[in-house]
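**Student:**
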Amino acid sequence: MNSSSMSLTLSVRVPATSANLGPGFDCLGLALQLYNSFTITLDRPFAIHVTGESADSLPKTADNVVMRSLRGALAAAGVALDDLPSFALHLDNQIPVSSGLGSSASAIVGGLVLANGLLARFVPKSVLTRERLLELATEMEGHPDNVAPALCGGGVLAFHDRAGLRTTAVPIPDNLRFVAATPDFALSTEMARRVLPDAYRRADAIENVAQCARLMLALAKPDLDLLRGGIVDTFHEPYRKRLVPGADEVERAAIAAGAYAVTLSGAGPTLLAWCKPEVATAVADEMTLAWRNVGIPCRALVLKPVYGETLPQWGMEENDAIPVNEV
Numbered sequence: 003m004n005s006s007s008m009s010l011t012l013s014v015r016v017p018a019t020s021a022n023l024g025p026g027f028d029c030l031g032l033a034l035q036l037y038n039s040f041t042i043t044l045d046r047p048f049a050i051h052v053t054g055e056s057a058d059s060l061p062k063t064a065d066n067v068v069m070r071s072l073r074g075a076l077a078a079a080g081v082a083l084d085d086l087p088s089f090a091l092h093l094d095n096q097i098p099v100s101s102g103l104g105s106s107a108s109a110i111v112g113g114l115v116l117a118n119g120l121l122a123r124f125v126p127k128s129v130l131t132r133e134r135l136l137e138l139a140t141e142m143e144g145h146p147d148n149v150a151p152a153l154c155g156g157g158v159l160a161f162h163d164r165a166g167l168r169t170t171a172v173p174i175p176d177n178l179r180f181v182a183a184t185p186d187f188a189l190s191t192e193m194a195r196r197v198l199p200d201a202y203r204r205a206d207a208i209e210n211v212a213q214c215a216r217l218m219l220a221l222a223k224p225d226l227d228l229l230r231g232g233i234v235d236t237f238h239e240p241y242r243k244r245l246v247p248g249a250d251e252v253e254r255a256a257i258a259a260g261a262y263a264v265t266l267s268g269a270g271p272t273l274l275a276w277c278k279p280e281v282a283t284a285v286a287d288e289m290t291l292a293w294r295n296v297g298i299p300c301r302a303l304v305l306k307p308v309y310g311e312t313l314p315q316w317g318m319e320e321n322d323a324i325p326v327n328e329v
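Plus 2 on top of the position in the sequence shown (first one is 1) and you've got my numbering.
Put into structure tokens, the structure is as follows:
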């Protein structure tokens, strides 16, 4: 095959994330083994092609979240999109949209990392640091708990000090699995934030601090039995679970099947069960059944944590493999 039948591509694969992890509201998150993939094919007329989750409903214009974040990164670097080669963009989404598994964070991080890959090749002096990418992602998302693990991998604690936004890795024991049970309805983060109170009682704040310390100790020691009895949150879960029919029944089913605890994944509606590998399949089955018993279809995935920074990869693609223009 001659070189004229090949095109240069730039790809990035961004993991799903579960934010909050119970009491770590807006500061704790975890990268999980489920991905959205984004691929640029250079020297093609601009087009966006979407496959996978919500392929028919996501925008295929320059207003797409991936394109907005890509342009934002270029602007932060002082580079105009018109200064770079034209390209087509392919989004292959495996993360359900509006599910609490970080689909918007994956799109934001995907666009930023693609932009940085383009900068590295065409304007290397303008490449952005990982710290700057995280700052931009947090500005775009509004909080770091999803974008930080999507960019950095693994478990992440994000916090601010006098130097600004910082992250540190949260150890996740090797013998821990996560069952992500997603009911067949969407819940927007905006709606889930509207139900939160403007202020909290001192007793609730103290309890949340204690529960977050308990969670960190259980993971760091590690002593997962500390998680038994549930990972209690007083800041967001009591309010958001009211928007998730069947949540209490599904949580009880997971615990009865052997899970250590269940947390609301991000803003929901996905519930995340924390369990040993040997009971993970049974937990997934029981969570699915419990939701179906209240009349709601559900899919449950057994997921491992994933580690490593999200980075772009250059490659080559056959021209006849490039998706048809679907702007």
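Idealized CB from N, CA, C, for every residue including glycine.
Bear in mind that the values here come from a model prediction, so they are computed numbers and not experimental data.
Taking only the alpha-carbon atoms, compute the straight-line gap between F237 and A150 and give it to the nearest angstrom.
**Tutor:** Going from the Cα of F237 to the Cα of A150 covers about 21 angstroms.
**Student:** Quick one: what does DSSP say V184 is sitting in, helix, strand or coil?
**Tutor:** Reading off the sequence shown, one finds Thr at residue 184, where the question assumed Val. Strand.
**Student:** Spatial neighbours of T184 within its chain, please: CB distance less than 6 angstroms, with the 5 preceding and 5 following residues excluded, ordered by chain position.
**Tutor:** Taken in chain order, the residues that qualify are P98, S101, T272 and R301.
**Student:** Which of the three DSSP states, helix, strand or coil, is assigned to P17?
**Tutor:** If DSSP states are grouped into helix, strand and coil, P17 belongs with the strands.
**Student:** Considering Cα atoms alone, identify which of T43, A139, G297 and H162 is closest to F187.
**Tutor:** The shortest Cα separation from F187 among T43, A139, G297 and H162 belongs to G297.
**Student:** With a threshold of 8 angstroms, are at least 3 pairs of Cβ atoms found where one atom belongs to the stretch 35-45 and the other to the stretch 299-317?
**Tutor:** The stretch 35-45, when compared against the stretch 299-317, does touch it at the 8 angstroms Cβ threshold.
**Student:** Please report the straight-line C-alpha distance between D85 and V125, rounded to a whole angstrom.
**Tutor:** Going from the Cα of D85 to the Cα of V125 covers about 10 angstroms.
**Student:** Around the C-beta of P314, are 16 or more other C-beta atoms found within 10 angstroms, so that it is buried, or is it exposed?
**Tutor:** By the neighbour-count rule (16 or more Cβ atoms within 10 Å), P314 is buried.
**Student:** Taking contact to mean at least 3 C-beta pairs separated by less than 8 angstroms, is the stretch 7-14 in contact with the stretch 43-58?
**Tutor:** Counting Cβ pairs under 8 angstroms, three or more are found: they touch.
**Student:** Would you say V16 and S39 are within 9 angstroms of each other, going by their C-beta atoms?
**Tutor:** In this structure, S39 lies closer than 9 angstroms to V16 by Cβ.
**Student:** Terminal residues of the continuous beta strand (DSSP E) containing G74?
**Tutor:** It is not in any beta strand (DSSP E) - G74 instead sits in the alpha helix (DSSP H) that spans V67 to A78.
**Student:** Roughly how many whole angstroms lie between the Cα atoms of R242 and F27?
**Tutor:** Going by the C-alpha atoms only, they are around 12 angstroms apart.
**Student:** For T312, name the three-state secondary structure that DSSP assigns.
**Tutor:** Coil.
**Student:** For chain E, is any of its Cβ atoms less than 9 angstroms away from the one on G112?
**Tutor:** Absent from the structure: chain E. Only one protein chain is present.
**Student:** Taking only runs that begin and end inside the stretch 149-180, name each unbroken beta strand (DSSP E) of 3 or more residues, in chain order.
**Tutor:** The stretch 149-180 contains these whole beta strand (DSSP E) runs: 157-163 and 166-172.
**Student:** What three-state label does DSSP hand G54 in the structure shown?
**Tutor:** Looking at G54 - three-state DSSP - the assignment turns out to be strand.
**Student:** Using CA atoms only, rank isn't needed, just tell me which of L178, S59, A122 and A107 is closest to L274.
**Tutor:** For L274, the nearest C-alpha among the options comes from L178.
**Student:** In chain order, what residues of the same chain lie with their CB nearer than 7 angstroms to the CB of S190, ignoring the 5 residues before and after it?
**Tutor:** Cβ neighbours of S190 beyond the five flanking positions: S100.
**Student:** Compare the C-alpha of E253 against each of C29, S56 and A286 and name the closest.
**Tutor:** The shortest Cα separation from E253 among C29, S56 and A286 belongs to A286.
**Student:** Looking at C-alpha atoms only, which residue of V129, S105 and P25 is the closest neighbour of G54?
**Tutor:** Considering only alpha carbons, the answer is S105.
**Student:** So the candidates are D94, D200, A79 and K278; which of them puts its Cα closest to the Cα of D225?
**Tutor:** Per the Cα distances, K278.
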